[in-house]
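Peer 1: Residue numbers (the working numbering): 15 to 1014. In this text, a Cβ means the ideal position worked out from N, Cα and C, and glycines have one as well. No experiment lies behind these values; they were computed from the predicted model shown.
Okay, here's the thing in C-alpha cells:
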C-alpha cells in the first residue's frame, strides 16, 4: 500500500513538474515574441499546432483504443474446439451504420470460429511476422520523432514523402543494419507475443500522442495549403498548376503519413489480439476467426486499404520527381508503364476498401455456399497483388527492352521538360547570355579610364585579414572576430583634386558636395566570446551580468597595404570617446562612416542570455589598464523586475539563481536568443537562411531620432521547396529557391525586420498572406541599408552549380553531356580547391559604369581553359540580374588552373616562393581573381608570408598575368606598371613570359 501511494505521489509531482515546465515555456515565448513585435506570428502558429495536436490525437485515440477495446470483447475464449463451434455458433444482429460493432446479443460470438484453423507451424510464423511489423512501424515513426527533436520541422522533409509499403521497407531497411535496432525490434516482438494485451495497449497509448505531435510540428504545411498562391505555370504531365505540388501535395502526403500509420497499427493490433487470444500459442492451435471477428477485421481492413489507395494515388504525382531516366522527373517508362500501374493499384485498393466497408456495414452470416462468400475479396486481393508485382517487373522490362535501345528518341520530350522546369525553378531562364571575345589590347589609358576598378581589386582575402585582426585588433582575449564580410561604402575622398571616380555615364549624386568614391572593403565585428574569459573568472555574475556585449568593428580597404605588408584600416581600435568611439584613418572616413556607440548585444557568436539594467554595471570596453562600464539603454529585452517573471524565466532558462540573486532591480531585463541566426529562425522557421550574415554600419534611424547605434546585421533568407515538378533536386535536396527576403537585425536593440526582396515569388506571397504583419516591402527599407544589399553567395553558388549542366538547352547536347562545364580550381596556400565566387567593383562588358558584382568563372569539363563566367549584379535597379558571358571555343582563353600552373612552374617565380617557404614561415598564394576590364581579362593573385607560430600574414607580392606575361612585384601598381609601362619597371619586379599552351 505504501508503494502504491508513493507511486501516486511521484506521478502527481511529475505531472505538476511537466505542467509548470509547459507554462514557463509558453509564457517566456509569449513575452519574447511580444518583445520582437511578432506576437501575432506566435499566436497563429500556436493555435494551428494546438488544433492539429487535439484533432489528430483525439481522432487517433478514439479510433485506435475503441478498436482495441472491441477486439478484447470479441477475442476467443479459451479452449473451444473446432467441432464444438459448429453446433453452438450464434450471430449478433446487424447494428446501426455508425456503430457496426455494437453487440446486441448476450452470447459472445468469439467462441464460434467460422474460418480455417491454424496449427502451430502456421500460427507461430504468422504472429511473429506481424509482431516484427509492429516493431518496424514504431521504429519508423520513432525515427521521425527523433529527426524532429534534433533538427526541427522543415518544409521539405523526407518523412513527408509518400509512404507505400515498398517505400516503407526501403526507408526502414537501412536502419536495421544497426544490430541494436534489430535486437530491439525482435525483443519487442517477443515481449508482444508473451504479453499481447498489455503491450498492444501500451504501444497504442504511446503511438497516439506521437502521431499528434508529429503532425502538429508540420503546422507550416497546413498553413500553406490553406493560403495557396498560383504560380500561373502548369506542369506538362497532369496539367496542374505548380502550386498544387508546392502547397497541396505536401498536405496530402502528411495526411497519408498519419492515416497509414494509424490504420496499419490498428489492423495489426486487432489481428494479433484475435490470433493470440484463447491461449492459441500455448495450445499450438488457433481455431479460426469468428463471424464477428471477421466483420471487425473487414472494418479495420477497409481503412488500411483506403490508406493504401491514397498512397498509390499520390505516387502518381511522385513520378514527377522520379530519378529513373536520363533526366530528373517522369521519364518515358514512368509515364507509359508506371503511371497506369499506380492508377490501377489505387483504384483496385479503393474498390477493395469499399467492398470491405460494404461487407462490414451490411454483414450477413456465412451462407451455405462457401465459395462466393469471400470470392469478391479474393479476386480483388489477387488483382492487387498482381499489379504490385507488375509495378516492379513491367517498368524494368520497358526500360531495358524499349527505352534503352532508342533512349534519346524516347526521352527527348522528357529531357526538354526537365531542362525548362529546372531553369525556371532556379531562376536560370532570366539569365542574359552574351558572347565575350577578349581582345588583349588593354592600354595604360584604359587603366586610367577604369581607375575605380583598379583601386578596388581585392588583394586581401578574408582569412589573412582575420588572422591579422586577431593579432592586432582583438585587444582582449574575450573579443573575437568571427568573420570578415566584403561590402562597399561610399567615402569622401581625401584630395578633392583626384580625378572623378563617379561611375561613368551615371549622374553625379553629390554635386556641389565633397567628392566621393565607392570603395570595396572588409568589415569585421568585434564580438564578445565568453568562452575565452579565463576559467577563474567564469562566474555566474560575469557570465550573465557583466560580460554582455562586444564593441566596435574594423573596416579595411581590400586593395591597400600598410607598413610591413599589413592591411590598412579605415576604422580600428577602441577609443571609447563620445565623439569618436573608434579610431578612423582620416576626417574623410570619419565623415563617411557612421560609428556612434558601436555596442554589439546581438551577433553571430552571442550564445548566452544576459541580464541588463541590474545593480551591477556591465563591462563596456577596456580602457588602458582599467575598464569602462555602461548600462544597457536599448529597446531589447524582457522586463523581469517582478517576482513572478523571475520565477517564469528561472524555469524557462533552467537557472534557479535568478530567484535568489540580489542584483536585480525593478528595471532589470533579460536578453536571450541573441544569436542572430537563432533569432530569425525562431520568428520565421519556414525560411532557409544564408550561412553568411554580414555587418553593415549605416544611419538608418528615423529623422530626428537621437539613436547613436548604427550597426545592423543583414541576413539573406530563401524560400525553398523540394516539390517543383521535373526540377532537378541535386545534392542539396531542394529543387526550387528564391532569395525572397532580406532580414535586418539591429545589433544593439535586437529588433528584426523582414523585407520582401522578390514579390513575384508565390511562396513568399503565400507567407505574406498568412502573416501580413511579418513582412514589409523592400521599398520600406532605409536607403542607407539598401545601398549595402548584395547578391548572396549561397544563392549564387546554387544557381552556378545548376548552370554547369542546365546551360545546355538542346536535348541532344544535354543527353550527350558534350558541353558540360565545371568550376575550376585554384591554388590557395599550397592546396588546390574550387574557385569561390568573389565580389568585384568593375564595369561589365558593354556596361558604361562600374558596379558591385559577384563573379564566378567556368571551364569545360576535364579541361582548364576558360569557357564562360557568370556575373550577378547588386546595385540599384539592376539588383538581382544575372549575366552569362561565354568565350569563343575556337581559341584559348586562360583559365585559373593554367595561370596557377605557369606561376608555380616558372623557375624564377617558383624559386622566390621556395626561398620564402623556409623553416618557420610559409608563402601563401591567395585568391586568383579574373578581372574584366574593357574587352580584356586581367589575372591578379596576392602572395602572403605567414609565420608558422603567432601567425601574422603580410602581403609581400602581387602577381599579375596579362596575355603572354606574368609579373610579380611588391605592389599592384608596380605589377601593372611592369606590364603596361615596362620602361620604368623597378628592380624588385619579376617579369616572365608565358608560353602559349595547347588547348587541353
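Measure from the alpha carbon of residue 875 to the alpha carbon of each residue in 917, 830, 894, then state which is nearest.
Peer 2: Minimum Cα distance to residue 875 is reached at 830.
Peer 1: Please state whether the Cβ-Cβ distance between residue 753 and residue 806 is less than 9 Å.
Peer 2: For residue 753 and residue 806, yes; Cβs fall inside 9 Å.
Peer 1: Which residues mark the beginning and the end of the alpha helix (DSSP H) in which residue 822 is found?
Peer 2: Unbroken run through residue 822: none, as it is neither H nor E.
Peer 1: Determine the direct distance from the alpha carbon of residue 205 to that of residue 211, and round the result to whole angstroms.
Peer 2: The straight-line gap from Cα to Cα measures roughly 11 Å.
Peer 1: Does DSSP put residue 257 in a helix, in a strand, or in coil?
Peer 2: Residue 257: helix per DSSP, three-state reduction.
Peer 1: Assess, as a yes-or-no matter, whether the region 673-684 is touched by the region 614-631 under the definition of 3 or more beta carbon pairs within less than 8 Å.
Peer 2: Yes, they touch.
Peer 1: Among 814, 834, 815, whose alpha-carbon lies nearest the alpha-carbon of residue 1086?
Peer 2: Any question about residue 1086 goes unanswered here, given that the chain covers just 15 to 1014.
Peer 1: Strictly by DSSP, which residues pair up with residue 702?
Peer 2: In the DSSP output, where bridge partners are listed per residue, residue 702 has 732.
Peer 1: On the DSSP letters alone, give me the boundaries of the alpha helix (DSSP H) that residue 359 sits inside.
Peer 2: Residues 353-375.
Peer 1: Just reading off the alpha helix (DSSP H) that residue 47 is part of, what are its end residues?
Peer 2: That run of the alpha helix (DSSP H) goes 16-49.
Peer 1: So that I know if they touch, is there some Cβ in chain D lying closer than 9 Å to that of residue 765?
Peer 2: Judged by its chain identifiers, the structure shown contains no chain D, having just a single protein chain.
Peer 1: Under 9 Å between the Cβ atoms of residue 447 and residue 899?
Peer 2: Yes. Within cutoff.
Peer 1: Taking its Cβ as the centre, do 16 or more other Cβ atoms sit within 10 Å of residue 491, making it buried, or is it exposed?
Peer 2: By the neighbour-count rule (16 or more Cβ atoms within 10 Å), residue 491 is not buried but exposed.
Peer 1: Could you please give the first and the last residue of the uninterrupted alpha helix (DSSP H) stretch that includes residue 460?
Peer 2: Note, residue 460: alpha helix (DSSP H), 458-463.
Peer 1: Can you name, in chain order, every residue of its own chain whose Cβ lies under 6 Å from the Cβ of residue 214, other than the five neighbours on each side?
Peer 2: Same-chain partners within the cutoff: 283.
Peer 1: Going straight from the alpha carbon of residue 516 to that of residue 947, what length do you get?
Peer 2: Below a pLDDT of 50, predicted positions are generally treated as unreliable, and residue 516, at 43, falls in that range; no measurement from the model is reported.
Peer 1: Using beta-carbon positions only, say whether residue 768 and residue 697 come within less than 9 Å of one another.
Peer 2: Yes; because the gap between Cβ atoms is below 9 Å, this pair is in contact.
Peer 1: With DSSP run on the structure shown, which of helix, strand or coil describes residue 231?
Peer 2: Looking at residue 231 - three-state DSSP - the assignment turns out to be coil, as it is neither helix nor strand.
Peer 1: My understanding is that residue 755 touches residue 728, with C-beta atoms under 8 Å, so please give their C-beta distance in whole angstroms.
Peer 2: The Cβ separation is near 11 Å, so there is no contact.
Peer 1: Please state the DSSP three-state secondary structure of residue 895.
Peer 2: Coil.
Peer 1: Taking DSSP as the reference, what is the three-state secondary structure of residue 59?
Peer 2: Reduced to three states, the DSSP call for residue 59 is helix.
Peer 1: Determine whether the beta carbon atoms of residue 506 and residue 599 lie at a separation below 9 Å.
Peer 2: Not in contact: residue 506 and residue 599 (Cβ atoms no closer than 9 Å).
Peer 1: Does the Cβ of residue 802 have 16 or more other Cβ atoms within 10 Å, making it buried, or fewer, making it exposed?
Peer 2: Per the 10 Å Cβ criterion, buried.
Peer 1: Taking Cβ to Cβ, would you say residue 409 is nearer than 9 Å to residue 494?
Peer 2: Result no, Cβ atoms of residue 409 and residue 494 do not sit closer than 9 Å.
Peer 1: Just how far apart, CA to CA, sit residue 454 and residue 464?
Peer 2: If you take the alpha carbons of residue 454 and residue 464, they lie about 16 Å apart.
Peer 1: Please determine, among 378, 568, 500, 80, the residue with the shortest C-alpha to C-alpha distance to residue 585.
Peer 2: The residue with the shortest Cα to Cα distance from residue 585 is 568.
Peer 1: Bridge partners of residue 248, per DSSP?
Peer 2: Answer is 255.
Peer 1: Nearest to residue 452 by CA position, among 945, 325, 960, 973, is which residue?
Peer 2: Minimum Cα distance to residue 452 is reached at 945.
Peer 1: Compute the distance between the beta-carbons of residue 749 and residue 342, then report whether it is under 9 Å.
Peer 2: Yes. Within cutoff.
Peer 1: Suppose the cutoff is 7 Å on Cβ atoms and the five residues either side in sequence are ignored; what does the same chain contact list for residue 326 look like?
Peer 2: Around residue 326: 178, 356, 359, 360, 363.
Peer 1: Give the secondary structure of residue 14 by DSSP, where H, G and I count as helix, E and B as strand, and everything else as coil.
Peer 2: Residue 14 lies beyond the range of the chain shown here (15 to 1014); nothing can be said about it.
Peer 1: Just how far apart, CA to CA, sit residue 209 and residue 141?
Peer 2: About 13 Å.
Peer 1: So, is residue 10 buried or exposed, given that buried needs 16 or more other C-beta atoms within 10 angstroms?
Peer 2: The requested residue 10 is not part of the displayed model; the chain covers only 15 to 1014.
Peer 1: What do you reckon, are the CB atoms on residue 478 and residue 960 nearer than 9 Å?
Peer 2: Yes, the pair counts as a contact, with Cβ atoms nearer than the cut-off.
Peer 1: Is the Cβ-Cβ distance between residue 690 and residue 633 less than 9 Å?
Peer 2: Contact flag unset, no.
Peer 1: Measuring CB atoms only, is the region 244-259 touching the region 311-329, in the sense that at least three cross pairs come out at less than 8 Å?
Peer 2: Taking 8 Å as the limit for Cβ pairs, the verdict is that the region 311-329 does not touch the region 244-259.
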